[in-house]
Ligand SMILES: Nc1ncnc2c1ncn2[C@@H]1O[C@H](COP(=O)(O)OP(=O)(O)OP(=O)(O)O)[C@@H](O)[C@H]1O
Ligand SMILES: [Mg+2]
């Protein structure tokens with residue numbers, strides 16, 4: 183189901199939670215919405231679900247204006263980060279809850295519960311239907327919450343930080359499962375998270391929000407490679423920021439109005455006496471620390487009075503180095519100075 187919003191504004195106090203959001207969520211796709219705390223992600227989901235009435239703007243689902251429809255008339259299911267399972271009900275009853283509300287015949291309720299539990303791969307756990315939420319692991323509880331949401335066969339699945347209560351290992355696994363489930367069912371899904379890695383890895387379409395607005399959207403690879411302003415560039419990835427500009431020979435020079443951004447994975451560290459490779463932007467620096475992160479080592483390098491991050495496959499020893507970044511990997515926002523959005527409207 184294609185979901186379109188236009189000009190959504192929602193005020194709770196003086197600062198609007200939504201300050202004019204217009205976007206089309208494509209049918210059958212998983213759209214991940216990311217942004218810092220308080221940028222309006224949950225409010226946007228609640229408007230889509232119909233729990234919050236926007237002050238301005240409209241919501242369309244498959245071309246139909248649903249702005250004035252109550253939640254139960256919208257074919258949406260919303261999953262929260264804290265699962266919100268009924269503690270006194272069994273897994274079966276939790277998943278059946280929405281179906282009973284809809285007064286489906288017993289036979290159909292049983293069939294749909296079984297189908298939903300199979301979709302989230304809980305059918306492999308013997309006897310799980312009869313257990314209560316407290317007898318389940320966090321990952322299993324979250325799967326029950328997902329099963330409950332999809333059992334009603336919604337046409338729009340809204341997930342609000344669904345994995346944030348899980349530990350890292352389980353989070354990764356359930357993330358892959360949600361992605362697979364979404365592909366299998368083709369349910370149009372909006373997935374809210376403040377974890378940029380989660381968003382990049384799971385999304386067909388990535389939407390970045392800031393201050394109640396959508397600042398950029400597109401395929402995750404596109405947004406990551408071509409952030410349109412310093413905010414998005416800094417939000418995605420391990421991004422270094424230097425108040426600097428690039429001189430004629432590629433040397434990085436301090437500059438009050440300059441703003442160069444580059445990511446830790448794009449930095450190459452060379453011996454202090456090395457000639458920087460052609461086509462690179464470079465500076466002399468000094469390694470001050472180096473941490474082992476598992477997959478890579480992260481060196482901290484003092485350059486122009488700030489410390490930048492540089493990732494490498496081998497550890498860097500403390501001391502002087504030449505830091506080089508391929509020129510096409512340097513994001514030059516020298517004339518924006520953090521006011522990308524303001525500049526765009528100018
Ligand atoms: N019911 C409410 N009453 C008053 N203010 C609210 C209400 N709901 C949200 N807000 C405010 O609106 C803004 C956006 O909140 P929202 O919950 O949408 O942010 P979020 O992006 O989901 O943040 P987080 O990542 O922390 O969950 C915040 O400033 C918040 O304090
Ligand atoms: Mg939220």
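Numbering (my numbering), first residue to last: 183 to 528.
Here a beta-carbon is modelled for each residue, glycine too, at the ideal position from N, C-alpha and C.
Can you give me the Cβ contacts of residue 382 inside the same chain, cut-off strictly under 6 Å, excluding the 5 residues immediately before and after it? 402
Closer than 7 Å to a non-hydrogen atom of ligand 1 - does that hold for the CB of residue 232? no
Let's see if you can read the secondary structure: which residues bound the alpha helix (DSSP H) around residue 254? First-last for residue 254: undefined, no H or E at that position.
Contacting residues, own chain, Cβ-Cβ under 6 Å from residue 249 (five flanking each side not counted): 240 and 241
Check each candidate in 232, 428, 468 and 263 and name the one with the smallest Cα separation from residue 252. 232
Using the Cβ count rule (16 or more neighbours within 10 Å means buried), how would you classify residue 312? exposed
Alpha carbon of residue 301 to alpha carbon of residue 417, nearest angstrom: 33 Å
How is residue 198 classed by DSSP in three states: helix, strand or coil? strand
Using only the alpha-carbon positions, how far apart do residue 502 and residue 370 sit? 52 Å
Does at least one heavy atom of ligand 1 sit under 7 Å from the Cβ of residue 224? yes
Coarse secondary structure for residue 410, derived from DSSP in three states: coil
Pick from 477, 478 and 492 that is closest to residue 484, judged by C-alpha positions: 492
In the DSSP output, which residue or residues are listed as bridge partners for residue 172? Any property of residue 172 remains undetermined from this structure, which presents the chain solely from 183 to 528.
Give me whichever residues DSSP pairs with residue 443 in a beta bridge. 423 and 513
Any idea if residue 317 is buried or exposed, counting beta-carbon neighbours within 10 angstroms, 16 or more meaning buried? exposed
With 16 other CB atoms within 10 Å as the buried threshold, where does residue 526 fall? Here the model assigns residue 526 a pLDDT of 35, short of 50, so the residue's position is not dependable and the matter cannot be decided.
Does the beta-carbon of residue 474 have 16 or more other beta-carbons within 10 angstroms, so that it is buried, or is it exposed? exposed
From residue 197 to residue 295, what distance separates their C-alpha atoms? 43 Å
Taking only runs that begin and end inside the stretch 350-394, name each unbroken beta strand (DSSP E) of 3 or more residues, in chain order. 370-374 and 387-392
Is residue 306 helix, strand or coil when you go by DSSP? coil
Between the beta-carbon of residue 350 and the beta-carbon of residue 261, is there less than 8 Å? no
Could you check if residue 322 is buried or exposed, using at least 16 other CB atoms within 10 Å of its CB as the buried criterion? buried
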